[in-house]
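When you read off a place in the sequence shown, starting at 1, and then add 9, the result is the number in my numbering.
We put the beta carbon where it would ideally sit given N, CA and C, even for glycine.
A short write-up of the structure that comes next.
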Amino acid sequence: MPEIRRVLLTGATGFVGRHLYPVLLDGGFAVVSGSRDPDAAQRRFRGRAFVKLDVNDYHTVRNAMEGCQAAVYLVHSMAEGAGYEHAEARGAIAFARAAEQAGLSRIVYLGGIQPFGMASRHLRSRLRTGELLRNSGVPTLELQAAMIIGAGSESWRIVRDLAARLPFMVLPRWLESRSQPVYIDDVTAVLRRALTLEIPGSIAYALPGPEILSAREILTRTAHLLGLAPPMVQVPVFTPALSSFWISIVTRANQQISRQLVEGLRSDLIAPDDGIWQLIPDHPRVPFDEAARRALIAEARTLPLRTRFAEWLLHRITPGLAALPAHEKPLDKQSPTGATL
Numbered sequence: 010m011p012e013i014r015r016v017l018l019t020g021a022t023g024f025v026g027r028h029l030y031p032v033l034l035d036g037g038f039a040v041v042s043g044s045r046d047p048d049a050a051q052r053r054f055r056g057r058a059f060v061k062l063d064v065n066d067y068h069t070v071r072n073a074m075e076g077c078q079a080a081v082y083l084v085h086s087m088a089e090g091a092g093y094e095h096a097e098a099r100g101a102i103a104f105a106r107a108a109e110q111a112g113l114s115r116i117v118y119l120g121g122i123q124p125f126g127m128a129s130r131h132l133r134s135r136l137r138t139g140e141l142l143r144n145s146g147v148p149t150l151e152l153q154a155a156m157i158i159g160a161g162s163e164s165w166r167i168v169r170d171l172a173a174r175l176p177f178m179v180l181p182r183w184l185e186s187r188s189q190p191v192y193i194d195d196v197t198a199v200l201r202r203a204l205t206l207e208i209p210g211s212i213a214y215a216l217p218g219p220e221i222l223s224a225r226e227i228l229t230r231t232a233h234l235l236g237l238a239p240p241m242v243q244v245p246v247f248t249p250a251l252s253s254f255w256i257s258i259v260t261r262a263n264q265q266i267s268r269q270l271v272e273g274l275r276s277d278l279i280a281p282d283d284g285i286w287q288l289i290p291d292h293p294r295v296p297f298d299e300a301a302r303r304a305l306i307a308e309a310r311t312l313p314l315r316t317r318f319a320e321w322l323l324h325r326i327t328p329g330l331a332a333l334p335a336h337e338k339p340l341d342k343q344s345p346t347g348a349t350l
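Encoded structure:
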C-alpha cells in the first residue's frame, strides 16, 4: 500500500471531525480540512485552514483532494430534511468518482451499523453510502457504529438531556432495543488506524462499543452518573413520531434528526462480532460508565448558566440514588464533578 502522508478530512467542523483533526495531526498526517463555507469555518476554528468542499459540487471535491493520498468521509445530510437519502447518495457517487480521478489510495468512511430487522431511513442511507463508496475504484474501509458517546454528539445529547431534565420517565417499548454505544476517543483512534491498516480491497467492519445495553439501560445509567434515580413507568405504546416530538421539547435535539434516530431504535443494533477490533487488539475500549462520565463533564462546560441553573432546580425534585434499593445502585456512585451545575 502506498504511503499516506496527506489526508482530506470531510465534515471537518462536525462532531467527529472536530475530535479527529488533532488525532490525525498527532499521527503525523498532514490534514486538509474541507468545509462548504471555509471562511466561516476559519472564523470559528482559528488557527486551522479550510478548503472549499461541497460533495454536491464535483469540482470542489476534486480540487480539495489535490495532493492527498487518502480521505476520511464523514458527510451526512440528515438535518437537511426530506430527500436527504438522495442527497447522500449523490454526494457519495460524486466523491467516489473524484477520489478515483485523484488517485487516492484509500477512503475511510464512518457509517451506521446493520440492524437486526428492518433498517430505518437513516440507517438505510448510511449503509447505502458505504456501499457506493466501497463499489468505487478506490479501496474503502467502512466502519459501522451505533451511538457515539461524546459532547457534541446528537444522539448522546438526547440521552444526556433526557437523563438530566426528566424528574420521571415514561418508557415506550422501543427503549428495550439494544445497541453497543462507543466512546468518541475510541472512534477517532480507529479512524486514524484505519488509514494505514492492511485490508483486502474494500471492506466493511462493525465498530462496536464494549457493552451491549438497551436504550433504557443507557438512560438509567446516565441518570445514575448524575446522581439521579427518576421513577420510570413503562407504557406499551408511544410511537417514534410522538417520542421524537417529546424529545424535541425536552432536549436540545433537532426534531428532524431525533425522529430519524428514534426510528433507528426499532431494531437491535448489535455487531455480529468484534468487527474492526479484531485488527486492533491492542486498543482497550472505554467502558460505558467512564465514557458517559467524561462526556457529561465535557458537555457541562458548554451549557449556558441559565440552563445549568434550570437543571439544578429540576434535580431538587428528582429522586436521588439514595431512593434506590441497594442492589439497583451502580457500583461507582461518584458523580461527575460539575456535570450538572
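Going by DSSP, what residue range makes up the beta strand (DSSP E) through Gln-243?
241–243 is the span of the beta strand (DSSP E), which, as asked, contains Gln-243.
Taking the runs of the beta strand (DSSP E) that are 3 residues or longer, which of them lie wholly in the segment 170–220?
Here the runs fully enclosed are 178–180, 212–215.
Taking the continuous beta strand (DSSP E) assigned at Ile-116, which residues delimit it?
First-last of the beta strand (DSSP E) with Ile-116: 115–121.
Going by the DSSP bridge assignment, what does Ser-44 pair with across the sheet?
Bridge partners of Ser-44: Lys-61.
Entirely within the segment 67–108 and at least 3 residues each: give me those beta strand (DSSP E) ranges in chain order.
Complete beta strand (DSSP E) runs here, min 3: 79–82.
Taking the CB atoms as reference points, tell me whether Ala-105 and Leu-142 lie closer together than 7 Å.
Cβ distance < 7 Å, so Ala-105 and Leu-142 count as in contact.
Since Ala-39 sits in a beta bridge, which residues does DSSP pair it with?
Its beta-bridge partners are Arg-15.
In terms of residue numbering, what span does the beta strand (DSSP E) encompassing Thr-260 cover?
That residue, Thr-260, is in no beta strand (DSSP E); it is neither H nor E in DSSP.
What would DSSP say about Thr-316, mapped onto helix, strand or coil?
Note: Thr-316 maps to helix in three-state DSSP.
Going by C-alpha distance, which of Gly-210, Leu-113, Pro-240 is nearest Asn-144?
The residue with the shortest Cα to Cα distance from Asn-144 is Gly-210.
Going by the beta-carbon positions, is the gap between Ile-157 and Val-117 smaller than 7 Å?
In this structure, Val-117 does not lie closer than 7 Å to Ile-157 by Cβ.
Taking C-beta to C-beta, are Leu-113 and Ala-73 nearer than 7 Å?
In this structure, Ala-73 does not lie closer than 7 Å to Leu-113 by Cβ.
Which value, in whole angstroms, describes the spacing of the CA atoms of Leu-237 and Val-295?
Each residue's Cα considered, the two are about 23 Å apart.
What residue does the alpha helix (DSSP H) around Leu-305 start on, and which one ends it?
From DSSP, the alpha helix (DSSP H) with Leu-305 extends over 297–309.
Counting Cβ pairs, one atom from each stretch, are 3 or more of them under 8 Å apart for the segment 295–312 and the segment 150–168?
Contact holds: three or more Cβ-Cβ distances are below 8 Å.
Across which residues does DSSP place Gln-153 in a beta bridge pair?
For Gln-153, which the question treats as bridged, DSSP gives the partners Gly-120, Ala-215.
Using the Cβ count rule (16 or more neighbours within 10 Å means buried), how would you classify His-131?
It is buried - the Cβ of His-131 has at least 16 other Cβ atoms within 10 Å.
By DSSP, does Phe-54 sit in helix, in strand, or in coil?
If DSSP states are grouped into helix, strand and coil, Phe-54 belongs with coil.
Any idea what DSSP makes of Gly-161, helix, strand or coil?
Gly-161: coil per DSSP, three-state reduction.
Taking all protein chains shown into account, decide if Pro-281 is buried (16 or more other Cβ within 10 angstroms of its Cβ) or exposed.
Exposed.
Does Leu-288 come out as helix, strand or coil in the three-state DSSP assignment?
In the structure shown, Leu-288 sits in coil (DSSP, three-state: anything other than H, G, I, E or B).
What's the C-alpha gap between Asp-341 and Gly-100?
Because Asp-341 carries a pLDDT of 46, less than 50, the predicted location of this residue cannot be relied on, and no value is offered for it.
With DSSP as the reference, identify every bridge partner of Asp-277, one or two as the case may be.
The partner list for Asp-277 (beta bridge, DSSP) reads Phe-125.
Nearest-angstrom Cα distance between Ile-221 and Leu-184?
Computed Cα separation, rounded: 13 Å.
Counting along the chain, where does the alpha helix (DSSP H) carrying Ile-227 start and finish?
Counting along the chain, the alpha helix (DSSP H) containing Ile-227 begins and ends at 224–234.
Do you know offhand how far Arg-201's Cα is from Ala-300's?
Roughly 19 Å separates the two Cα atoms.
According to DSSP, is Gly-139 helix, strand or coil?
Helix, per DSSP.
By a C-beta neighbour count over all protein chains shown, 10 Å radius and 16 as the cutoff for buried, is His-68 buried or exposed?
Exposed, since its Cβ has fewer than 16 Cβ neighbours within 10 Å.
Residues in the same chain with beta-carbon distance under 6 Å from Gln-243, minus the five sequence neighbours each way, listed in chain order, please.
Excluding sequence neighbours, Gln-243 sits near Leu-180.
Please look up how many angstroms separate the CB atoms of Leu-171 and Thr-260, rounded, as I've assumed it's under 8 Å.
Correct: roughly 6 Å between the Cβ atoms.
Could you say which of Glu-97, Ala-304, Ile-212, Ala-232 lies nearest to Trp-165 if we only look at CA atoms?
Among Glu-97, Ala-304, Ile-212, Ala-232, the Cα nearest to that of Trp-165 is on Ala-304.
When the Cα of Val-41 is compared with those of Ile-167, Arg-14, Gln-287, Arg-174, which residue comes out closest?
Of Ile-167, Arg-14, Gln-287, Arg-174, the residue nearest in Cα terms is Arg-14.
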